[in-house]
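*Asks:* What follows is a structure written as structure tokens; I'll ask about it next.
Protein chains: 2
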Amino acid sequence: MIQMLEETTLPINSVKLLASSRSAGKQLKFKDQTITVEETVPDSFKGVDLALFSAGGGVSKKFAPEAVKRGAVVVDNTSAFRMDPEVPLVVPEVNEKALYAHHGIIANPNCSTIQMVVSLEPIRQKFGLKKVIVSTYQAVSGAGNRALQELRTETQDYLDGKEMHADILPTAGDKKHYPIAFNVLPQIDVFEEDGYSHEEWKMIHETKKIMAGDMNSKAIKVTATCARVPVPVSHSEEVYFEVEDAKNANVAGIQAALRNAPGVVLQDDPDHQIYPMPINAEGSRDTFVGRVRPDQEEDNAYHLWNVSDNLLKGAAWNSVQIAEHLDKLNLLHMQ
Amino acid sequence: MIQMLEETTLPINSVKLLASSRSAGKQLKFKDQTITVEETVPDSFKGVDLALFSAGGGVSKKFAPEAVKRGAVVVDNTSAFRMDPEVPLVVPEVNEKALYAHHGIIANPNCSTIQMVVSLEPIRQKFGLKKVIVSTYQAVSGAGNRALQELRTETQDYLDGKEMHADILPTAGDKKHYPIAFNVLPQIDVFEEDGYSHEEWKMIHETKKIMAGDMNSKAIKVTATCARVPVPVSHSEEVYFEVEDAKNANVAGIQAALRNAPGVVLQDDPDHQIYPMPINAEGSRDTFVGRVRPDQEEDNAYHLWNVSDNLLKGAAWNSVQIAEHLDKLNLLHMQ
Numbered sequence: 004m005i006q007m008l009e010e011t012t013l014p015i016n017s018v019k020l021l022a023s024s025r026s027a028g029k030q031l032k033f034k035d036q037t038i039t040v041e042e043t044v045p046d047s048f049k050g051v052d053l054a055l056f057s058a059g060g061g062v063s064k065k066f067a068p069e070a071v072k073r074g075a076v077v078v079d080n081t082s083a084f085r086m087d088p089e090v091p092l093v094v095p096e097v098n099e100k101a102l103y104a105h106h107g108i109i110a111n112p113n114c115s116t117i118q119m120v121v122s123l124e125p126i127r128q129k130f131g132l133k134k135v136i137v138s139t140y141q142a143v144s145g146a147g148n149r150a151l152q153e154l155r156t157e158t159q160d161y162l163d164g165k166e167m168h169a170d171i172l173p174t175a176g177d178k179k180h181y182p183i184a185f186n187v188l189p190q191i192d193v194f195e196e197d198g199y200s201h202e203e204w205k206m207i208h209e210t211k212k213i214m215a216g217d218m219n220s221k222a223i224k225v226t227a228t229c230a231r232v233p234v235p236v237s238h239s240e241e242v243y244f245e246v247e248d249a250k251n252a253n254v255a256g257i258q259a260a261l262r263n264a265p266g267v268v269l270q271d272d273p274d275h276q277i278y279p280m281p282i283n284a285e286g287s288r289d290t291f292v293g294r295v296r297p298d299q300e301e302d303n304a305y306h307l308w309n310v311s312d313n314l315l316k317g318a319a320w321n322s323v324q325i326a327e328h329l330d331k332l333n334l335l336h337m338q
Numbered sequence: 004m005i006q007m008l009e010e011t012t013l014p015i016n017s018v019k020l021l022a023s024s025r026s027a028g029k030q031l032k033f034k035d036q037t038i039t040v041e042e043t044v045p046d047s048f049k050g051v052d053l054a055l056f057s058a059g060g061g062v063s064k065k066f067a068p069e070a071v072k073r074g075a076v077v078v079d080n081t082s083a084f085r086m087d088p089e090v091p092l093v094v095p096e097v098n099e100k101a102l103y104a105h106h107g108i109i110a111n112p113n114c115s116t117i118q119m120v121v122s123l124e125p126i127r128q129k130f131g132l133k134k135v136i137v138s139t140y141q142a143v144s145g146a147g148n149r150a151l152q153e154l155r156t157e158t159q160d161y162l163d164g165k166e167m168h169a170d171i172l173p174t175a176g177d178k179k180h181y182p183i184a185f186n187v188l189p190q191i192d193v194f195e196e197d198g199y200s201h202e203e204w205k206m207i208h209e210t211k212k213i214m215a216g217d218m219n220s221k222a223i224k225v226t227a228t229c230a231r232v233p234v235p236v237s238h239s240e241e242v243y244f245e246v247e248d249a250k251n252a253n254v255a256g257i258q259a260a261l262r263n264a265p266g267v268v269l270q271d272d273p274d275h276q277i278y279p280m281p282i283n284a285e286g287s288r289d290t291f292v293g294r295v296r297p298d299q300e301e302d303n304a305y306h307l308w309n310v311s312d313n314l315l316k317g318a319a320w321n322s323v324q325i326a327e328h329l330d331k332l333n334l335l336h337m338q
């Protein structure tokens with residue numbers, strides 16, 4: 004987040020770093036300044052124009068309204084407000100205009116949703132979109148720094164012939180823990196009563212809200228399967244989709260739409276083994292899309308494969324990008 | 004393969020181990036015997052009742068007809084004869100009866116196909132099957148021992164902060180090679196002209212041949228996306244499927260069909276975090292199935308997640324199991 008703020012075009016006068024009392028006093032760099040982390044209290048937000056929250060849903064629920072009360076616009080990277088009909092859920096490439104309706108808080112979607120809607124929006128604009136079936140191959144960093152360390156430790160233990168020990172994944176808040184090293188975990192976040200994981204639920208309802216304005220919209224059907232793979236950074240997704248305009252849609256037309264789309268880099272040349280991969284996406288703000296091909300037995304269905312850095316476009320960059328768009332639209336008054 | 008033969012119920016009198024001249028002279032154990040590997044020549048098959056081939060398509064094309072000429076029944080684990088309309092392509096749990104039509108050669112399907120059709124057949128029998136959309140998370144051992152070694156070396160290099168070097172994956176026969184460690188490769192085998200990989204092509208046409216009797220059958224629609232993940236053994240698959248009998252199908256009915264199905268172990272209890280994972284499937288002949296849940300916006304579509312040991316049910320065990328069924332049906336005359 005700090006790195007994205009260092010690189011932003013926003014006219015930043017000063018930066019505050021806020022955290023819990025546990026982290027207060029820590030010193031972090033912003034450009035050539037050293038900034039001391041302060042404990043968050045409601046009055047921390049006095050005089051603040053823009054507050055980026057990314058410290059868990061509980062913290063956002065408690066402090067985001069306090070920040071708004073004190074005149075800040077909040078971009079919240081947690082799930083606290085995403086389904087609030089009063090709070091825009093925004094991916095700038097897709098629904099920038101939703102920003103006009105904000106009341107102080109704008110929600111940043113879940114990482115796996117963001118890269119999917121960035122890949123699908125250019126197609127939706129050109130050919131319409133009826134249905135999406137997504138299978139994810141998600142990176143470990145989505146579960147935080149401790150999960151990343153767990154992947155490293157388990158991996159080394161496995162190579163050394165030792166037993167692997169899991170404390171965090173599939174999700175810190177659940178009862179059982181399984182190794183991610185050399186494994187695939189078909190669980191991200193906890194399970195809902197209907198057998199979907201909460202991550203899958205998010206992909207379904209966030210996509211509907213971002214692309215069709217309502218978390219329960221019937222305009223676009225979405226279903227999802229989310230799995231964690233032993234990759235540190237960058238989620239991959241196989242996206243199967245049905246277009247409205249079957250007559251005019253084709254692979255070349257979809258590729259053309261993607262080639263010209265903001266935030267998208269088309270990497271689609273199977274003959275030369277060009278396709279998106281996590282190791283190439285890490286560190287980039289773009290969503291890489293390839294393997295566009297038709298379902299050979301349907302006239303309106305296609306596949307694509309996308310990869311994006313879940314920590315940048317999936318989190319920090321999308322948050323800062325929202326702030327840039329707020330500023331551009333005069334919806335954020337930087338003093 | 005040797006291990007599966009050690010454990011088989013087939014009445015084996017003697018075993019020959021055949022290979023190229025490069026491996027001839029090597030000694031391997033079968034139960035308490037030490038057997039010297041011999042170079043394969045046409046007359047190697049004199050007096051042989053059952054020949055299991057697993058040394059590449061070229062070897063099978065050259066020697067399988069020679070073995071048949073000398074009275075052996077061949078179970079071929081390569082892709083050499085899979086699409087030959089005269090050669091049954093068999094997964095015993097699904098289409099055992101196809102064995103009756105054999106002319107000396109029976110083909111063993113591709114690993115990723117086998118575990119999918121084992122999972123789907125009980126559902127097809129009960130509710131019919133219209134369409135399948137599969138996304139795979141395939142293990143490295145599917146690409147052979149050298150690929151497995153490559154995964155280990157790359158993994159250690161990554162942990163040591165060294166650059167990773169790839170020589171084999173995504174597929175030895177293609178021009179470019181990319182690391183598999185901490186990565187996902189959306190390429191298995193080479194690409195066809197239509198943008199599908201050959202592995203995806205196999206899943207589509209083998210499934211049609213096994214379940215509907217014809218590699219181009221329109222009775223079941225199939226589309227596939229195959230990706231390799233950094234897992235040594237056991238493929239995982241997200242299988243999305245549409246049933247014929249939407250009115251009577253439901254999750255409980257699908258689970259009941261799977262619970263009673265041969266070769267299937269139902270591991271489906273999300274509340275207790277019970278679902279199939281590669282680390283639990285390695286070494287088992289079964290296909291583990293879980294995460295059965297409906298597409299919430301379709302009345303005839305469901306998801307399941309399956310995992311199976313690609314070296315056992317996906318290869319060696321299915322081959323030996325075919326032999327056992329040939330014997331049971333009196334289609335193999337063990338002397």
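Chains P and E, in that order, give the protein sequences. Count along the first sequence from 1, then add 3; that gives the number in the working numbering. Count along the second sequence from 1, then add 3; that gives the number in the working numbering. Using N, Cα and C, we set each Cβ at its ideal position, and we do this for glycine too.
(1) Nearest CA to the CA of Ser-200 (chain P): which residue from P:Lys-221, P:Ile-223, P:Thr-174 and P:Asn-219?
(2) Could you check the C-alpha separation between Gln-338 (chain P) and Asp-52 (chain P) for me, to the nearest Å?
(3) Among the residues of its own chain, which have a CB less than 6 Å from the CB of Lys-212 (chain E), if the five just before and after it don't count?
(4) Residue ranges of each alpha helix (DSSP H) run of no fewer than 4 residues wholly in the stretch 56-96 of chain P, ordered along the chain?
(5) Taking contact to mean 3 or more Cβ pairs, one atom from each stretch, closer than 8 Å, check whether the stretch 266-281 of chain E and the stretch 217-231 of chain E are in contact.
(6) In whole angstroms, give me the CA-to-CA distance for Tyr-285 (chain P) and Gly-266 (chain P).
(7) Taking 8 Å as the limit between beta carbons, can you name the residues of its chain near Glu-41 (chain E), skipping five residues before and five after?
(8) Would you mind giving the Cβ-Cβ distance between Ile-108 (chain P) and Phe-130 (chain P), rounded to the nearest angstrom? I have them listed as a contact below 8 Å.
(9) Roughly how many whole angstroms lie between the Cα atoms of Lys-316 (chain E) and Ser-57 (chain E)?
(10) Which residue from P:Gly-50, P:Pro-45, P:Lys-49 and P:Gly-74 puts its Cα closest to that of Ser-63 (chain P)?
(11) Using 8 Å as the limit for Cβ to Cβ distance, is Asn-270 (chain P) near chain E?
(12) Provide the residue span of the alpha helix (DSSP H) that contains Phe-130 (chain E), from first to last.
(13) Strictly by DSSP, which residues pair up with Ile-38 (chain E)?
(14) List the residues of chain P whose Cβ lies closer than 7 Å to the Cβ of Ser-138 (chain E), in chain order.
(15) Identify whether Ser-200 (chain P) lies in helix, strand or coil by the three-state DSSP scheme.
(16) For Ile-386 (chain E), name the three-state secondary structure that DSSP assigns.
(17) Out of curiosity, what's the CA-to-CA distance linking Gln-6 (chain P) and Glu-327 (chain P)?
(18) Mind checking the stretch 175-196 of chain P against chain E and listing, in chain order, the residues whose C-beta falls within less than 8 Å of any C-beta there?
(19) Touch check for the stretch 144-154 of chain P and the stretch 165-180 of chain P: three-plus C-beta pairs under 8 Å?
(20) I want to see whether chain E comes within less than 8 Å of Gln-338 (chain P), judged by CB atoms only; does it?
(21) Alpha carbons only, please: which of P:Gly-216, P:Thr-11 and P:Ala-70 is nearest the one belonging to Asn-88 (chain P)?
(22) Report the three-state DSSP secondary structure of Gln-141 (chain P) (helix, strand or coil).
(23) Nearest-angstrom Cα distance between Lys-1 (chain P) and His-180 (chain P)?
(24) Does Trp-320 (chain P) come within less than 8 Å of chain E when only Cβ atoms are used?
(25) From the beta carbon of Ile-257 (chain E), is the nearest beta carbon of chain P less than 8 Å away?
(26) Could you compute how far the alpha carbon of Gln-206 (chain P) sits from the alpha carbon of Val-242 (chain P)?
(27) Helix, strand or coil: which one does DSSP assign to Ile-136 (chain E)?
(28) Rank E:Thr-226, E:Asp-302, E:Tyr-161 and E:Gln-141 by C-alpha distance to the C-alpha of Asn-253 (chain E) and give the top, closest one.
(29) On the DSSP letters alone, give me the boundaries of the alpha helix (DSSP H) that Ile-257 (chain E) sits inside.
*Replies:* In terms of the structure at hand:
(1) Per the C-alpha coordinates, the member of P:Lys-221, P:Ile-223, P:Thr-174 and P:Asn-219 positioned closest to Ser-200 (chain P) is P:Thr-174.
(2) Annotation note: pLDDT 49 at Gln-338 (chain P) (below 50); position unreliable, no value reported.
(3) So the list reads Leu-92 and Met-218, once near-sequence residues are dropped.
(4) Counting only runs of 4+ residues, the alpha helix (DSSP H) found wholly inside the stretch 56-96 of chain P occupies 60-72, in chain order.
(5) The stretch 266-281 of chain E makes no contact with the stretch 217-231 of chain E; the number of CB pairs closer than 8 Å stays below 3.
(6) Note that residue 285 (chain P) is Glu in the sequence shown here, rather than Tyr. Approximately 15 Å, taken between the alpha carbons.
(7) Excluding five sequence positions before and after Glu-41 (chain E), the CB atoms of its chain that fall closer than 8 Å to its own CB belong to Lys-19, Leu-20, Leu-21, Ala-22, Ala-27 and Ser-47, given in chain order.
(8) With 8 Å as the limit, Ile-108 (chain P) and Phe-130 (chain P) do not qualify as a contact, their Cβ atoms being about 33 Å apart.
(9) C-alpha separation (whole angstroms): 14 Å.
(10) Out of P:Gly-50, P:Pro-45, P:Lys-49 and P:Gly-74, P:Pro-45 has the C-alpha closest to the C-alpha of Ser-63 (chain P).
(11) For the record, residue 270 (chain P) in the displayed sequence is Gln; it is not Asn. Chain E contact via Cβ: absent.
(12) It spans 114-130 - the alpha helix (DSSP H) in which Phe-130 (chain E) sits, taken as one unbroken run.
(13) According to DSSP, residue pairing for Ile-38 (chain E) in a beta bridge involves E:Leu-31.
(14) Result: Ser-138 and Glu-241.
(15) Here Ser-200 (chain P) sits in strand by DSSP.
(16) The structure shown does not extend to residue 386 (chain E), since chain E spans only 4 to 338, so no value can be given for it.
(17) Going by C-alpha positions, Gln-6 (chain P) is about 15 Å away from Glu-327 (chain P).
(18) So the list reads Asp-177, Lys-178, Lys-179, Tyr-181, Pro-182, Phe-185, Asn-186, Val-187, Leu-188, Pro-189, Gln-190 and Phe-194, given in the order they occur along the chain.
(19) Yes: the two stretches touch, three or more of their Cβ pairs being nearer than 8 Å.
(20) For Gln-338 (chain P), the predicted model reports a pLDDT of 49, less than 50, meaning its position is unreliable and no value from the coordinates is stated.
(21) Per the sequence shown, residue 88 (chain P) should be read as Pro rather than Asn. The residue with the shortest Cα to Cα distance from Pro-88 (chain P) is P:Gly-216.
(22) Shown here, Gln-141 (chain P) sits in a strand according to DSSP, grouped into three states.
(23) Nothing can be reported for residue 1 (chain P), as the shown portion of chain P is limited to 4 through 338.
(24) In terms of beta-carbon proximity, Trp-320 (chain P) stays away from the interface with chain E, with every pair separated by 8 Å or more.
(25) The Cβ of Ile-257 (chain E) sits no closer than 8 Å to any Cβ of chain P.
(26) According to the sequence displayed, residue 206 (chain P) carries Met and not Gln. Taking the straight line from one Cα to the other gives about 12 Å.
(27) It is a strand residue.
(28) Out of E:Thr-226, E:Asp-302, E:Tyr-161 and E:Gln-141, E:Asp-302 has the C-alpha closest to the C-alpha of Asn-253 (chain E).
(29) Per DSSP, Ile-257 (chain E) is one residue of the alpha helix (DSSP H) stretching across 254-262.
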